[in-house]
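The opening residue of the sequence shown carries number 548 in this note's numbering; numbering runs sequentially from there.
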Amino acid sequence: MLRMRFSPITASPMSPICPLRMSPCLSVSAARAAIGGRGARAASGSEPISLMRPRRLSRGRRAGLGPARALSLPCRGKNAEKRSMRTGCMWGALGAWLLLVPLAAGCRRSSPPPGEDGRLTAFATIGPVAWAVERIAGPRARVELLVPGGQSHEAFAPAPRQVEDLMRAGVWFRTALPFEEALGARIARAAPRLRIVDVTAGVSLRPMEAHGHEDGEHADGLDIHVWLDPQNMKLHARAICDELCALVPAGADEFRANAAALAAELDAADAAIAAQLAPCKGARMYVFHPAFGYFADRYGLVQRAIEVDGKEPTPRQLAELVAQARADGARTVFVQAQFPARGARHIAEAIGADVAELDPTARDYIANLERMAALLRTALAP
548 MLRMRFSPIT ASPMSPICPL RMSPCLSVSA ARAAIGGRGA RAASGSEPIS LMRPRRLSRG
608 RRAGLGPARA LSLPCRGKNA EKRSMRTGCM WGALGAWLLL VPLAAGCRRS SPPPGEDGRL
668 TAFATIGPVA WAVERIAGPR ARVELLVPGG QSHEAFAPAP RQVEDLMRAG VWFRTALPFE
728 EALGARIARA APRLRIVDVT AGVSLRPMEA HGHEDGEHAD GLDIHVWLDP QNMKLHARAI
788 CDELCALVPA GADEFRANAA ALAAELDAAD AAIAAQLAPC KGARMYVFHP AFGYFADRYG
848 LVQRAIEVDG KEPTPRQLAE LVAQARADGA RTVFVQAQFP ARGARHIAEA IGADVAELDP
908 TARDYIANLE RMAALLRTAL AP
């Protein structure tokens with residue numbers, strides 16, 4: 548496992564908390580400047596703030612930096628080195644940022660202020676959860692999305708400005724993505740007033756398919772795309788409603804009514820999709836990234852992943868997949884905009900199949916499920 552330690556270039560004997568020589572009250576803009584360039588000044592007349600230089604730690608070696616412990620990058624398994632090269636710099640800068648932010652936060656109010664319009668600010672990691680928060684909170688909350696639509700959450704690392712905005716929010720509705728674990732542990736210390744709610748708590752996780760997916764996203768062999776089963780989304784909505792009621796008691800009756808209406812809509816969509824896909828039971832859906840296991844389980848489909856351990860298949864694996872897809876009579880191969888899909892397109896060309904795009908994180912949740920069902924019915928029905 549690759550671990551990073553932020554070793555100060557300029558040490559200070561004054562404070563065990565932050566290993567930078569600075570005034571005890573550092574502005575957020577100065578903190579961002581420290582990350583943006585070497586020698587940026589925190590304030591007029593103050594010492595230059597030096598960047599923190601990352602270095603590797605040997606296994607079991609203690610970081611020795613107090614609250615700023617070694618930062619474990621959100622990438623584990625066979626592809627850890629490759630994924631670390633993509634995201635290491637982003638997470639390194641974020642680690643330095645989170646070392647500086649507690650001092651800046653100490654100079655502000657002890658509780659997160661409401662938005663400019665007086666509403667609760669709520670963050671959601673992915674589009675489907677943001678959609679549920681909007682439906683339940685109504686006009687009483689302003690909902691912000693952490694991972695932009697169309698971007699892979701595997702390669703995502705938040706920018707310092709996003710971290711600042713998140714720390715000023717009232718609540719963060721997160722899922723079970725590994726980067727959320729790394730970010731949440733540090734933000735909980737820097738912004739203790741921020742409520743962090745894992746909406747997937749209590750949901751049973753399914754194992755990954757036989758092809759496996761042993762990179763950082765599925766390091767425990769479990770599938771974390773739980774939201775693509777509408778019955779799981781009902782559980783997420785219940786957790787969202789409970790938290791909103793606790794944060795804004797004056798809106799509790801409204802939240803519960805909205806959550807009940809949403810649950811009824813999800814049940815109706817679930818029944819309609821089940822009827823639509825009934826003729827396809829047992830059919831194999833070929834997808835590049837295995838994000839649709841919960842959806843497939845719910846409606847009796849079999850998901851076949853083209854990527855292997857988070858990578859494009861090798862030529863030998865690709866040949867095996869082509870033979871299997873041809874034997875299964877696959878007419879469509881599904882890709883996702885968030886991932887490269889050269890192997891998927893090669894299989895489609897080899898067997899004369901169409902290529903269609905599915906989006907597991909589209910924000911308009913029910914409309915997206917209905918679109919997926921329509922595509923799958925066309926592709927899989929006998």
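Yeah, the Cβ is synthetic: ideal placement off N, Cα and C, and Gly gets one too.
Quick caveat: nothing in here was measured; it's all calculated off a predicted structure.
Closest Cα partner of residue i within the set the options
i	options	result
C792	P705, E854 and V718	V718
C788	A797, G798 and F802	F802
A737	D712, P725, L752 and L775	D712
A838	R878, D776 and L667	D776
Y508	P887, G731, R742 and L752	Coverage of the chain is limited to positions 548 through 929, which leaves residue 508 absent and any answer about it impossible.
A799	A732, A688, R851 and N915	A688
H772	A808, P725 and D817	P725
A843	V710, A669, T668 and W774	W774
P695	D906, I913 and A874	D906
A888	G857, R863 and R733	G857
A807	A797, P796, A786 and A818	A786
Beta-carbon proximity list for residue i, same chain, < 8 Å, skipping 5 on both sides
i	result
P754	G768, L769 and D770
G513	Residue numbering for the chain in the displayed model covers 548 to 929; residue 513 lies beyond these limits and cannot be assessed.
G890	F835, I853, E854, E859, P860, L865 and L868
A903	T879, V880, F881, V882, L922 and A926
R892	V880, V882 and V902
R924	Q823, L824, P826 and C827
A735	L741 and I743
E790	V718, F720, R742 and V744
R666	P686, R687, A688 and R689
Residues bridged to residue i (per DSSP)
i	result
V676	Beta-bridge pairing links V676 to no other residue.
K858	V855
H745	Looking at the sequence shown, residue 745 is not His but Asp. DSSP lists R721 as partners of D745.
E904	V882
T668	R689
M832	Q850
L769	P754
Residues of its chain near residue i, where Cβ-Cβ distance is below 7 Å and the 5 sequence neighbours each way are ignored
i	result
A677	A671, V690, L692 and R910
N805	R682, I683 and G685
A897	V869
M637	Per-residue confidence for M637 stands at a pLDDT of 48, beneath the threshold of 50, marking its modelled position as unreliable; no derived number is given.
A920	I820, Q823 and L824
Q709	L693
D875	R831
E727	T672 and R721
A818	none
Cβ-Cβ separation, residue j to residue i (assumed contact under 8 Å), whole Å
i	j	result
L868	Y846	Actually they are not in contact, since the Cβ atoms of L868 and Y846 sit about 23 Å apart, beyond 8 Å.
A895	C827	A895 to C827, Cβ: 19 Å. No contact.
R740	L794	Actually they are not in contact, since the Cβ atoms of R740 and L794 sit about 11 Å apart, beyond 8 Å.
E917	A816	7 Å
Neighbourhood of residue i by C-beta distance below 6 Å, restricted to the same chain and skipping five residues each side
i	result
A877	Y833 and A900
T908	I673 and G674
A669	V680, A688, V690 and V718
N915	A909
Y912	P675 and W678
R851	R831 and Y833
H758	Residue placement at H758 cannot be trusted, given a pLDDT of 49 that sits under 50; what the coordinates show is reported in the next sentence. Taken in chain order, the residues that qualify are A852 and V855.
Chain C contact for residue i (CB, 8 Å cutoff)
i	result
G829	Judged by its chain identifiers, the structure shown contains no chain C, having just a single protein chain.
Heavy atom of the ligand SAM within 7 Å of residue i beta-carbon
i	result
P862	In the structure on display, the ligand SAM does not appear, and there are no ligands present to speak of.
key: Cβ contact check for the segment 701-714 and the segment 809-822: 3 or more pairs under 8 Å   = The segment 701-714 and the segment 809-822 do not touch, with fewer than 3 CB-CB distances between them shorter than 8 Å.
message = Within 8 Å, do at least three Cβ pairs link the segment 775-786 to the segment 673-688?
response = Because the criterion of three Cβ pairs below 8 Å is met, the segment 673-688 and the segment 775-786 touch.
inquiry  = Closer than 8 Å is the cut-off here; do at least three beta carbon pairs connect the segment 721-733 with the segment 741-750?
reply    = Taking 8 Å as the limit for Cβ pairs, the verdict is that the segment 741-750 does touch the segment 721-733.
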